[in-house]
Every structure is written in structure tokens, then in C-alpha cells.
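Read the structure below first, then the notes.
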Amino acid sequence: MKLTVDQLHITLENKAILREVNLEAAGGDIVGLVGPNGSGKSTLLRTVYRSLRPADGVVRVGGDDVWELSARAAARRTAAVLQDAGTTTGLSVTEIVALGRTPHHGLLGRDGPEDREAVAEAVARCGVAPFAHRDYATLSGGERQRVLLARALAQRPRLLVLDELTNHLDIRARFELLHLIRSTGITTLAVLHDLDLAARLCDHLVVLHEGAVVAAGPVLEVLTPDLLRDVFGVRGDTERHADGVVRITYAAEPLDLDRETEPAER
Amino acid sequence: MAVGALLVVLVAVMVAAVSIGAVNIPVGDVWGILLHHLTGRGTTGDPALDQIVWTFRAPRVALAALVGAGLAVAGAVLQTLVSNPLADPVVLGFSYGASLGAVLVITLGGAALGGLGVSGAAFVGALAAGALVFALGQRQGRLAPTRLVLAGVAVGYVLLSVTSFVQLLATPTELRTVMFWMLGSVAGAQWSQLPTVTVVVLTSTALLTLFGRRLNALLAGDESATALGVDVNRLRAVLLVISALLTGTVIAVAGGVGFVGLMIPHLVRLTVGADHRRLLPLSALLGAVYLVVVDLLSRTVNRPNELPLGILTALLGAPFFLWLLRRNKGLDTI
């Protein structure tokens, strides 16, 4: 389903967090949202999963302004895997996956065959069946992220929003998750810290810097030496290898020491 | 399934509690008398026994069950709403508001609060405290969990110091009444109280259980719950109001019974898990069973004197709770 972010402005506590942000994702594409800490990536995601209401600008999913849809209707289109862990103590893995069915029911709704089917399918696809009856608190980081992804898939969404899904995971778990996301074919907007991972996973990249989009497009066109220097403050280059994967090579002395590490206080 | 089993246990415990006392009445006679009054069939038999069963013990046992159920459900919901395992009607200040209202009327007379009785004053006190905590627990127009808990604790301390001050003005007889009230008792139960309490406890429990799926989503965290289509702020506001009304109603008739609202929900979570669609009905039933048993003990262990409920709820419950906690090694986050 198509995601369109149109002229978005967000101001929180008198500070401009996002300025004139435009973005598009459609057709099963995976769009990576990258940028240094504090560039507004998570804030942008919040506007997409209808947690933050913009004063200016529109976020459309499937052609509709998300704030014209009810909270439940929006959540039937968009699922998110976020970093707030909550206190899911006492829920089994299957029960956590079944939380994905929440937007499909009103107060009187009872679980039906469609719910069980959606949960079973998500459990199978994400490979969480081996620990389906364990307590979430006892799982490893990679297992937890697979459970949360299964919860999102049980929502049967047509847009996936992912916030740092692969943080703190070992290399095998990272690649497993990337493979899983690719295999769903769902249009995805993913915040990623790791540029190598972003280059490998994404069809397109959108670079946020101090609340504004400074570059957007195919990975190789976006991650130029200039951009690496200006936005991330490192020296490096990207090239597409013979296997089709875009890799970043950082310089022997990657730090641009003439640049201040933190932007000066304004 | 578990609900049915606990329901059978509750009925058995209630009948036993009605039959045991200063005069022990055979269970068969108790059934006969209860059935006669509830269905109009059969005979009452001995009028003295009929009076003991129907006038004194039955309303008391029924009230204990309702109060236990109400406190346990309110505790379970509050723990989820503020995502804090220590939350209950006491921590959120409701109980201290009720105490202040009740103590004012006991020591200064009903005229002090515009002619309200002890129950009325306690109810108003609980809701006023709830409203204050609600107002102080907001940040930028949203109810913030940590802020709610801290506001509840702070408001509770202020109310407790005022209550303590008022107690200095009380006579020794009044002080004994105050103590019984603050530790909770259903000794004064009357049939006339039961319809209101029954309606409030049953409808709130049913209503809160309907919100069970959304409460489950809240366990995933506020942002994740939002992404699951839950209007978190509105859910928190609506359910806090229902919980405050429920708590105010049961504290008004039974006083400040502690520990039930804190412990029973955790007991149920540790045994059947945290899905609120099971947690809330089972907490209601277990809370009811527990308080009926505690009330039975409170009037039998030290005959002819009675103990306030609050002394036994913790004394009996805490060791069992700690034992259960030790058995569940995986649950380090509780």
C-alpha cells in the first residue's frame, strides 16, 4: 500500500523537529530512513503509525489521511515494530503475537477462525513456533524481535514501519530478520542505524539531517562521499560489487576532524 | 473453565461462612433458609436460626465477596493502566481520600461534611482524591503513568497526615471506630447496601473485561499499543474513572481493606497469565473467595472479639504470595 508524506512539519516544545518532509513508498519497496542521532527519524515514524498528529502536512496511507481514519482502521493498514518493550510479563509468545489482532475487533469482538489463521501464519513465517509457549522475558534479543515482527504480521498490514529492528542483535540474527522482511513483500519504512545494513536491505534510502530530507533515491545515488561527510561526518565511498550488493568502504582515517562532533547549540 | 471451578469454590466458601460462627448451623439448614428467602419455596424452620442466617450472616458474607471482587479487579486494572506492579487503590490515593472522609464524619459528626454519612463521605473522599490524582497526573494533556503513580503517592501522604491530625481530636471510642474503619470491616453489612454494591461491582467487572483486549495491547507499551489501534490516552482516562468509581463504592461500605487489590491480581497472573480477558474475571472470583475466608477468620479466631479485615488480609496473604513468587523463577520483572 502506498505511503505518502506530504510537506510535514513537526514542532515539539517550540523546537522544529521535522521541516518540509516529503517521502513516498509503494509497491512492496523497502525504504530505509537513515540519519544521525536526533535527526527526527523516530518522530517521522510516529506520524506514520498515527501516534503524533502533525500541525502542518499530511501523512497518507493507501491514499487516505491517517487522521481521517479511526485509530483501528489506521492500524489495520499499518503495523509497527518499535523499541518500547513494555511489560509483557505474563503473556506467552503466542499471546503477544495475537495482540496483532487488536485493531480487527471492537469491544464485543471475539477471536474467530480468521484471527487464529493470521496468528498461526505469522508464527510460522517468523519461525517462532519453537518457543511459542515460553515467557517473552526468557527469550534472546533476536527471538524477541522475531516475536514482535510476527505480532506486526498478524495485524495483516499493508505497510510495515520498523524502528531499529536489528539493534543489539548478532550478525546471524540481523541477516535472518532482513531475509524475513524481504520475504513478506509488504511495503516497508525502516529506520536503520547501520548504513551497511540499510544499503543491503533497502531499495531506496531517505536521509534525514536536522529534521529535513537532504537526499532520497536509490542507495548508490544517495550514499555519496559528499553525503557521508556532510551528514554523518565520516570519510568513505560506496560501490556496487559484482554480487549486486552495495558496500560502503570507510577511509583509513574516517573521522573528519575539522568538523565539530556535535552541532553547536542554537 | 477456571471461572466455573472458582465459581463453585466461591459458592461453597460462602455457604460454609454462613454456617460457621458463634452458633454453628448445619449446611443443610443454611441451604434451606437461603433457598426459602431467594425462591420463596420450602420453610424457614427455627426463626432464631433464620434470623442468624438471613439477617446477620448472609448479607455480611455477600458483602465480603463483593468487596473482595471489586478491590481485586480495580487493582488488576490499575496495575496495567500505570504499568506498575505495585499499583492498587491505596497507592493511587483513593483509599486515603476515603479514609479522610470517613474519619471526618466519625470524629466531627455528619454535619462536618454537609450531612453525609460515613459511607457517603468515604465515597466522596475516594472520588475527590481520584480526581486530584487524575489532574496532577497529566503532562501536556496526556495521562502519564509514572506521574500518576507519584501524584497518587504524594496526594495519599497529604491526606494521611490530615487524617492523622483529625484523629487527635477523637475520643477513645471514636478512635476504635476509626481504626476498624481504616483497616476495613464488613461487620455492619445490611441487605439495604447490597443492591447498589452488587450492580456497581458486576457492571464494572463486565465492562472492564470487555476492554481486556485493549488492556493486553497496553502491556506492549504506549507507542506499540497506539500502533495496534488503541487510543491510549482515552483508554487510560475511561478506565481510571471506572476503577475510581468501583473502588470508591466498595471502600465506602467496607473501609480501607488493604493488600487484596495488590496481591490477588498478581496471584492470578502467576498462575494463569496476564491476558485480561481471563485475569479480570478470575481476579474478581479469587478476591471474593479470599475476603469471605478472611472475614470468617476475623470473626472466629478471637471469639467473641472481632478483628478488622486489614490485619488478616496481609498476615495470611503475604507468606503465600512470597512462596508463589519464589516458585516462579523466570519472572524477574514482577
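Residue numbers (numbering that gives the first Met the number 0), protein chains in the order written: chain A, 0 to 265; chain B, 0 to 333.
For every residue, glycine included, the Cβ atom is placed at its ideal position computed from N, Cα and C.
Label residue i either buried or exposed according to how many other C-beta atoms from any shown protein chain fall within 10 Å of its C-beta, with 16 as the threshold for buried.
i, result
"Tyr156/B", "exposed"
"Thr186/A", "buried"
"Thr106/B", "buried"
"Ile51/B", "buried"
"Asn215/B", "buried"
"Pro0/B", "The sequence as given places Met at residue 0/B; Pro does not occur at that position. So Met0/B counts as exposed."
"Ile95/A", "buried"
"Phe93/B", "buried"
"His178/A", "exposed"
"Thr77/A", "buried"
"Gln192/B", "buried"
"Ala263/A", "Residue placement at Ala263/A cannot be trusted, given a pLDDT of 46 that sits under 50; the coordinates are not used to answer."
"Ser223/B", "buried"
"His265/B", "buried"
As a quick exercise: from the options, pick the residue whose alpha carbon is nearest that of residue i.
i, options, result
"Val160/A", "Val118/A, Gln144/A, Leu81/A and Phe130/A", "Leu81/A"
"Asp225/A", "Arg234/A, Ala24/A and Lys1/A", "Arg234/A"
"Ile308/B", "Phe319/B, Leu323/B, Arg302/B and Val292/B", "This sequence places Leu at residue 308/B; Ile is not what is there. Closest by alpha carbon: Val292/B."
"Leu284/B", "Val72/B, Arg59/B and Ala21/B", "Val72/B"
"Ala121/A", "Gln154/A, Ser91/A and Thr223/A", "Gln154/A"
"Phe164/B", "Val177/B, Val152/B and Gly3/B", "Val177/B"
"Gly316/B", "Gly257/B, Gly272/B, Leu281/B and Val300/B", "Gly257/B"
"Ala276/A", "Leu98/A, Leu138/A, Pro253/A and Leu196/A", "Residue 276/A cannot be examined here, being either before or after the span of chain A that is shown, 0 to 265."
"Ala186/B", "Arg326/B, Asp45/B, Gly254/B and Ala4/B", "Gly254/B"
"Ile263/B", "Leu147/B, Thr204/B, Thr145/B and Ala75/B", "Ala75/B"
"Glu238/A", "Glu116/A, Ala128/A and Val218/A", "Val218/A"
"Glu173/B", "Arg298/B, Val117/B and Leu201/B", "Val117/B"
"Val212/A", "Lys1/A, Met0/A and Asp5/A", "Asp5/A"
"Arg133/A", "Arg109/A, Gly105/A, Gly126/A and Leu90/A", "Leu90/A"
"Thr270/B", "Val259/B, Ser282/B and Val29/B", "Ser282/B"
"Ala86/B", "Phe55/B, Ala21/B, Val152/B and Thr54/B", "Val152/B"
"Gly129/B", "Arg138/B, Val90/B and Gly140/B", "Val90/B"
"Leu70/B", "Ile250/B, Leu295/B, Ala101/B and Leu207/B", "Ile250/B"
"Glu163/A", "Val221/A, Pro156/A and Gly140/A", "Gly140/A"
"Val199/B", "Ala68/B, Gln78/B, Ser297/B and Val60/B", "Ala68/B"
"Thr183/A", "His208/A, Leu148/A and Val47/A", "Leu148/A"
"Val66/B", "Leu296/B, Ala188/B and Gly136/B", "Ala188/B"
"Gly136/B", "Gly114/B, Val81/B and Trp180/B", "Val81/B"
"Leu218/B", "Gly31/B, Asn301/B and Thr79/B", "Thr79/B"
"Leu254/A", "Ile247/A, Arg228/A and Arg246/A", "Arg228/A"
"Arg181/A", "Asp193/A, Arg246/A, Leu152/A and Ala15/A", "Leu152/A"
"Asp114/A", "Arg124/A, His103/A and Ala123/A", "His103/A"
Output the distance between the C-alpha atoms of residue i and residue j, rounded to the nearest integer angstrom.
i, j, result
"Gly210/A", "Gly243/A", "31 Å"
"Gly216/A", "Leu204/A", "6 Å"
"Asp274/B", "Asp236/A", "51 Å"
"Leu34/B", "Tyr135/A", "49 Å"
"Tyr289/B", "Ala15/B", "13 Å"
"Pro303/B", "Val252/B", "23 Å"
"Asn166/A", "Leu176/A", "11 Å"
"Ala143/B", "Ala150/B", "10 Å"
"Leu11/A", "Phe130/A", "41 Å"
"Asn21/A", "Leu2/A", "11 Å"
"Ile241/B", "Ala117/A", "33 Å"
"Ala110/B", "Val29/B", "42 Å"
"Gly85/A", "Gly20/B", "48 Å"
"Thr46/A", "Ala73/A", "12 Å"
"Val102/B", "Gln166/B", "7 Å"
"Gly26/A", "Ala127/B", "54 Å"
"Arg334/B", "Asn23/B", "Residue 334/B is absent from the model: chain B starts at 0 and stops at 333."
"Arg138/B", "Gly105/A", "28 Å"
"Trp190/B", "His36/B", "12 Å"
Throw me the rounded Cβ distance for the residue i and residue j pair, which I believe falls under 8 Å.
i, j, result
"Leu17/A", "Gly39/A", "5 Å"
"Val58/A", "Leu7/A", "7 Å"
"Val229/B", "Thr101/A", "7 Å"
"Gln144/A", "Leu168/A", "7 Å"
"Val206/A", "Ala198/A", "Not confirmed; about 12 Å, so no contact."
"Arg49/A", "Thr225/B", "7 Å"
"Gly211/B", "Arg276/B", "4 Å"
"Pro280/B", "Thr197/B", "That pair is no contact at about 16 Å."
"Leu158/A", "Val60/A", "6 Å"
"Pro35/A", "Phe231/A", "6 Å"
Less than 7 Å separating the Cβ of residue i from some heavy atom of the ligand NAD?
i, result
"Val292/B", "This structure simply doesn't include the ligand NAD, nor any ligand for that matter."
Closer than 8 Å, Cβ to any Cβ of chain B: which residues of the segment 36-51 of chain A, in chain order? Arg45, Tyr48, Arg49 and Ser50
Looking at chain B, which residues of the segment 71-87 of chain A have a Cβ within less than 9 Å of any of its Cβ atoms? Using a CB distance below 9 Å, the part of the segment 71-87 of chain A facing chain B consists of Arg71, Ala72, Ala73, Ala74, Arg75, Thr77, Ala78, Ala79, Val80, Leu81, Gln82, Asp83, Ala84, Gly85, Thr86 and Thr87, ordered along the chain.
Listed from N- to C-terminal order along the chain, which residues in the segment 223-254 of chain B have their beta-carbon within a distance smaller than 7 Å of any beta-carbon of chain A? Ser223, Thr225, Ala226, Leu227, Gly228, Val229 and Asp230
Using a Cβ-Cβ cut-off of less than 8 Å, give me the residues of the segment 159-186 of chain A that come near chain B, in sequence order. Val160
Report the residues of the segment 208-235 of chain A with a CB closer than 9 Å to any CB of chain B, ordered along the chain. none
Identify each residue in the segment 259-277 of chain B for which the Cβ-Cβ distance to at least one residue of chain A is less than 7 Å, and report them in chain order. Arg268, Gly272, Ala273 and Asp274
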